[in-house]
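Chemist:
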Amino acid sequence: MSNAACDRSVALYWDFENLHASLCEEKEPGSYARPDNRFKPQEPLIDVQAVVELAASFGPIAINRAYCNWQFFARYRDALLQNAVELIQLFPPGGGAKNGADIKLCLDATEDLARFAHIGTVIIVGGDSDFMPVSQKIKAAGRTLIGVGARKSTNRHWAKSCHEFRYYENLVEQAPPAPAEQATRPAAPERAAGGDAAGDLLRRAVRLLSETRGDAWVKKVEVWQMMKRLDPTFDPKEHGLANMPALVEAYAHLIEVKEGDDEWVRLR
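So in the working numbering, spot 251 of the sequence shown is number 895, and the numbers just go up one at a time.
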């Protein structure tokens with residue numbers, strides 16, 4: 645992935661029910677397809693913030709849009725609001741019909757690429773082979789395509805058609821959230837809590853950038869930008885610190901500064 649792609653904006657599109665259904669099926673195969681389970685209020689399973697954090701590691705998020713029949717997914721309300729997800733309501737045309745989220749998502753993504761030249765990275769959350777045609781359009785337009793899907797249900801041809809594919813399960817097995825964020829996350833995979841909010845935010849920012857760049861060392865200025873993308877309200881002064889250098893110094897037990905070049909940092 646080029647640096648130019650990282651400097652441009654990110655468009656994040658969710659086939660929300662697709663991922664939710666996949667996680668249901670992993671817990672109990674065949675369960676979600678039953679009408680008595682599918683057409684009722686759904687318990688939150690998706691860690692929305694984990695996916696949004698992945699998207700933010702590629703650049704500022706310009707589009708964060710999720711497609712679903714939301715009448716059954718109201719229990720995701722807090723997590724979706726906390727992560728500024730735009731909800732697109734899709735009613736299925738029949739009692740047992742698909743809601744057509746993948747078609748609407750592909751049409752919107754293609755239109756957005758034509759309208760917005762600043763979009764450098766497109767992230768599609770979903771495991772269907774139906775996304776393969778739009779992957780060709782995205783790559784032909786010179787944009788970077790990242791896929792996200794559940795490991796067991798993702799179509800392998802779709803996964804290989806992306807520039808990069810991340811399995812959802814790997815995202816939620818990584819670093820813990822800050823304690824204040826735990827209440828807004830679904831009860832999906834357990835994550836251990838630890839540390840204070842500023843330190844956890846700093847650690848998450850460095851970790852995400854390191855994984856995206858493929859290098860443990862990341863630029864200090866990029867860490868600051870990443871922290872603000874993860875939490876736009878963050879202000880080091882509220883933690884008794886004057887600026888970013890003071891923050892790095894205060895958390896020297898977490899962050900190592902490159903000897904001879906204090907513009908680069910990495911996790912200890």
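The beta-carbon is built from N, C-alpha and C at its ideal position, and this holds for glycine as well. In this text the structure is predicted, and so the values were computed from the model without any measurement.
1. Starting from the C-beta of ASN647, find all residues in its chain whose C-beta is less than 6 Å away, skip the five residues before and the five after it, and write them out in chain order.
2. From the DSSP output, read off the bridge partner residues of LEU689.
3. For VAL695 versus LEU789, is the C-beta distance shorter than 8 Å?
4. Where HIS664 and LEU846 are concerned, what is the direct C-alpha to C-alpha distance, given to the nearest angstrom?
5. Using a Cβ-Cβ cut-off of 7 Å (strictly less than) and excluding sequence neighbours within five positions of ILE707, which residues of its own chain qualify?
6. What are the boundary residues of the alpha helix (DSSP H) that ALA849 is part of?
7. Assign SER779 to one of three DSSP states: helix, strand, or coil.
8. Sorted by chain position, which residues of the same chain lie with C-beta nearer than 7 Å to ALA822's C-beta, five sequence neighbours on each side aside?
9. Using only CA atoms, which one of LYS872, SER797, HIS897, LYS748 lies nearest to ASN887?
10. I need the straight-line Cα distance from GLU687 to LEU724, nearest angstrom please.
11. So ASP659 is in the beta strand (DSSP E); what residue range does that whole segment cover?
12. At 3 residues or longer, and completely inside the region 754 to 820: list those beta strand (DSSP E) runs for me, N to C.
13. Using the DSSP secondary-structure output, state which residues sit across from ARG709 in a beta bridge.
14. Short of 6 Å in beta carbon distance, which residues of its chain neighbour ALA699, apart from the five on each side in sequence? Order them along the chain.
15. By a C-beta neighbour count over all protein chains shown, 10 Å radius and 16 as the cutoff for buried, is THR856 buried or exposed?
16. Just to confirm the assignment, what range does the alpha helix (DSSP H) spanning ARG873 have?
17. Give a yes or no on whether the C-beta atoms belonging to GLN780 and ASN727 are separated by under 8 Å.
18. Residues in the same chain with beta-carbon distance under 7 Å from SER675, minus the five sequence neighbours each way, listed in chain order, please.
19. Using three-state DSSP, classify ARG910 as helix, strand or coil.
20. When you compare only the Cα positions, how much space is there between HIS761 and PRO679?
21. Could you check which residue in PHE735, ALA860, LEU891, ILE782 has the C-alpha nearest to that of CYS712?
22. ARG599: buried (16+ other C-beta within 10 angstroms of its C-beta) or exposed?
23. Helix, strand or coil: how does DSSP classify GLU900 here?
24. Below 8 Å on the Cβ atoms is my guess for ASP746 versus ASP774; work out the distance and round it to an integer in Å.
Modeler: Reading it off the structure:
1. Residue numbering aside, residue 647 sits at position 3 when the sequence shown is read from its first letter. Low per-residue confidence applies at ASN647: pLDDT is 44, beneath 50, and the placement is therefore not dependable enough to give any value.
2. The residue you call residue 689 lines up with position 45 of the sequence shown. Note: LEU689 sits in no beta bridge, so no partner.
3. Walking along the sequence shown from the start, residue 695 turns up at place 51. Walking along the sequence shown from the start, residue 789 turns up at place 145. The answer is no: Cβ separation not under 8 Å.
4. Within the sequence shown, residue 664 is the residue found at index 20, counting from 1. Within the sequence shown, residue 846 is the residue found at index 202, counting from 1. Roughly 30 Å between the two C-alpha positions.
5. The sequence position of residue 707 within the sequence shown is 63, counting from 1. Correct list, in chain order: ALA655, LEU656, ASP756.
6. Working through the sequence shown from its first residue, we reach residue 849 at position 205. Residues 841 to 857.
7. Position 135 of the sequence shown, counted from the start, is the residue given in the question as residue 779. Of the three classes helix, strand and coil, the one that applies to SER779 here is helix, per DSSP.
8. For this step, residue 822 is matched to residue 178 along the sequence shown. Residue placement at ALA822 cannot be trusted, given a pLDDT of 44 that sits under 50; what the coordinates show is reported in the next sentence. Cβ neighbours of ALA822 beyond the five flanking positions: ALA841, ASP844, LEU845.
9. Numbered from 1 along the sequence shown, position 243 holds the residue referred to as residue 887. When each option's Cα is compared against that of ASN887, the closest is LYS872.
10. Indexing the sequence shown from 1 puts residue 687 at position 43. Indexing the sequence shown from 1 puts residue 724 at position 80. Computed Cα separation, rounded: 14 Å.
11. On the sequence shown, position 15 is the one that residue 659 refers to. It spans 653 to 659 - the beta strand (DSSP E) in which ASP659 sits, taken as one unbroken run.
12. 763 to 769, 788 to 793, 808 to 811
13. Numbered from 1 along the sequence shown, position 65 holds the residue referred to as residue 709. Bridge partners of ARG709: TYR657, GLU730.
14. Here residue 699 corresponds to residue number 55 of the sequence shown, with the count starting at 1. Excluding sequence neighbours, ALA699 sits near VAL654, LEU656, ILE705, ILE767.
15. In the sequence shown, counting from the first residue as 1, residue 856 sits at position 212. Looking at its Cβ environment, which holds 16 or more other Cβ atoms inside 10 Å, THR856 is buried.
16. As a first step, residue 873 is located in the sequence shown; it is residue number 229 there, counting from the start. Note, ARG873: alpha helix (DSSP H), 864 to 874.
17. Counted from its first residue, the sequence shown places residue 780 at position 136. Counted from its first residue, the sequence shown places residue 727 at position 83. Against a cut-off of 8 Å, the Cβ pair of ASN727 and GLN780 comes out as no contact.
18. Position 31 of the sequence shown, counted from the first residue, corresponds to residue 675. CYS668, GLU669, ASN681.
19. In the sequence shown, the residue the question calls residue 910 occupies position 266. Here ARG910 sits in strand by DSSP.
20. On the sequence shown, residue 761 is found 117 positions in, with the first residue counted as 1. On the sequence shown, residue 679 is found 35 positions in, with the first residue counted as 1. Here residue 761 turns out to be Ala, not His, going by the sequence shown. Spanning the two alpha carbons is a distance of roughly 42 Å.
21. The count along the sequence shown starts at 1 and reaches residue 712 at position 68. Among PHE735, ALA860, LEU891, ILE782, the Cα nearest to that of CYS712 is on PHE735.
22. As shown, the chain starts at 645 and ends at 912. That puts residue 599 outside it, with no answer to give.
23. Your numbering for residue 900 matches position 256 in the sequence shown. The answer is strand: DSSP assigns GLU900 an E or B state.
24. Taking the sequence shown and counting its residues from 1, one reaches residue 746 at position 102. Taking the sequence shown and counting its residues from 1, one reaches residue 774 at position 130. That pair is a contact at about 4 Å.
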